[in-house]
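Trainee:
Residue numbers (this note's numbering): 6 to 241.
1. Compute the Euclidean distance between the alpha carbons of residue 146 and residue 111, then round it to the nearest angstrom.
2. How would you call residue 44, buried or exposed, if buried means at least 16 neighbouring beta carbons within 10 angstroms?
3. Measure the Cβ-Cβ separation of residue 174 and residue 134 and say whether it is below 8 Å.
4. Quick check on residue 103: buried or exposed, where buried means 16 or more other Cβ atoms within 10 Å of its Cβ?
5. Taking just the CA atoms, how far does residue 188 sit from residue 179?
6. Would residue 207 and residue 231 be called neighbours here (beta carbons separated by less than 8 Å)?
7. What residue range does the beta strand (DSSP E) around residue 66 cover?
8. If we ignore side chains and look at the alpha-carbon of each, how far apart do residue 160 and residue 168 end up?
9. From 86, 165, 93, pick the residue whose C-alpha is nearest to that of residue 122; which is it?
10. Tell me which same chain residues have a C-beta within less than 6 Å of the C-beta of residue 127, skipping the five on either side of it?
11. Between residue 81 and residue 56, which are expected to be in contact by the criterion C-beta below 8 Å, what is the C-beta distance as a whole number of angstroms?
12. Out of 96, 205, 41, which one is the CA nearest neighbour of residue 65?
13. State the start and end residues of the unbroken alpha helix (DSSP H) segment that holds residue 83.
14. Could you have a look at residue 46 and say whether DSSP puts it in helix, strand or coil?
15. Go ahead and label residue 98 buried or exposed: buried means 16 or more other beta carbons lie within 10 angstroms of its beta carbon, across all protein chains shown.
16. With residue 165 as the anchor, note down where its beta strand (DSSP E) starts and where it stops.
17. Hey, is residue 111's beta-carbon within less than 8 Å of any beta-carbon in chain C?
18. Give me whichever residues DSSP pairs with residue 54 in a beta bridge.
19. Excluding the 5 residues preceding and the 5 following residue 184 in the sequence, name in chain order all residues of the same chain whose CB lies nearer than 6 Å to its CB.
20. Counting along the chain, where does the beta strand (DSSP E) carrying residue 227 start and finish?
21. With C-beta atoms as the reference, is residue 170 less than 8 Å away from residue 191?
22. For a test of the three-state rule: what should DSSP assign to residue 172, helix, strand or coil?
23. Taking the C-alpha atoms as reference points, what is the distance between residue 69 and residue 181?
24. Just to confirm, is the Cβ distance from residue 124 to residue 234 under 8 Å?
25. Give the straight-line distance between the Cα atoms of residue 101 and residue 196, rounded to the nearest whole angstrom.
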């Protein structure tokens, strides 16, 4: 059989096209212009943490009620069977976030007698899935943010404290989406008898779609929030 130049060129072109097609992992975000379409590595990690340690991880519904036990019992088998796509849909439909706390304490008094001065920092982290409803319905993103604060107490009385600190630990909506924050608000409030201090933070998020990656140019924007939460530290 005679192979012509055109046939050779056609074969090489077909191979080049095949090699140019990207390969995505099982839980990739899908088309980068359509947001996240299924479970990400971070989502799988958070689910594994929640279902393996339900005492330290909490699930909050859309009204910010603690539904940890109900969500755990209803979806434990999904996690055991690694049905993360079904868990992704359950999270989107039922939850506002999965959250967990951290506390760090330093005793500044050493071997000195009481009263003992203690420095402590507290933080709550919040893993959120949210989706667009306006210009680009159904574009999902994941957001991990932390609210933290530090304080000093002596005996059972808080003597000093910082303002709340808001940190965006992670954001993922696909390569063609970016975000900006608006209306950032932080404050700290002492509780009765200086026995506790609560650190509050809230913010709005604007999701931007820019398929051309041109600075200052965007096709669509949708606003979310306010996202608001708090973490409380105690003098004991």
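Backbone N, C-alpha and C define an ideal beta-carbon position, used for all residues, glycine too.
Remember, it's a predicted structure, so these values are computed and weren't measured experimentally.
Mentor: Checking against the coordinates, here is how it stands:
1. About 37 Å.
2. Of the other Cβ atoms in all chains shown, 16 or more fall within 10 Å of the Cβ of residue 44; this residue is therefore buried.
3. Taking a C-beta distance under 8 Å as the contact criterion, residue 174 and residue 134 do not qualify as a contact pair.
4. Result: buried.
5. Their backbone Cα atoms lie some 24 Å apart in a straight line.
6. Cβ distance < 8 Å, so residue 207 and residue 231 count as in contact.
7. In the DSSP annotation of this structure, the continuous segment of the beta strand (DSSP E) that includes residue 66 starts and ends at 62-66.
8. Distance between residue 160 and residue 168, taken at the CA atoms: about 22 Å.
9. Distances from the CA of residue 122 to each of 86, 165, 93 were compared; the closest alpha carbon is that of 165.
10. Cβ contact annotation for residue 127 (same chain, cutoff 6 Å, sequence separation greater than five): 108, 236, 238, in chain order.
11. With a Cβ gap of about 6 Å, residue 81 and residue 56 count as contacting.
12. Proximity to residue 65 across 96, 205, 41 peaks at 96, based on C-alpha coordinates.
13. Residues 73-85.
14. If DSSP states are grouped into helix, strand and coil, residue 46 belongs with the helices.
15. Under this definition residue 98 is an exposed residue.
16. Per DSSP, residue 165 belongs to the beta strand (DSSP E) from 162-166.
17. The chain inventory of the structure shown lacks chain C, comprising one protein chain alone.
18. According to DSSP, residue 54 bridges with nothing at all.
19. Sequence-distant Cβ neighbours of residue 184 in its own chain, meaning closer than 6 Å and more than five residues away, are 176, 210, 212.
20. For residue 227, the enclosing beta strand (DSSP E) begins and ends at 225-239.
21. Between residue 170 and residue 191, the gap from beta carbon to beta carbon is short of 8 Å.
22. Looking at residue 172 - three-state DSSP - the assignment turns out to be strand.
23. Residue 69 and residue 181 have their C-alpha atoms roughly 30 Å apart.
24. Not closer than 8 Å, so no.
25. Rounded to whole angstroms, residue 101 to residue 196 spans 27 Å at the Cα level.
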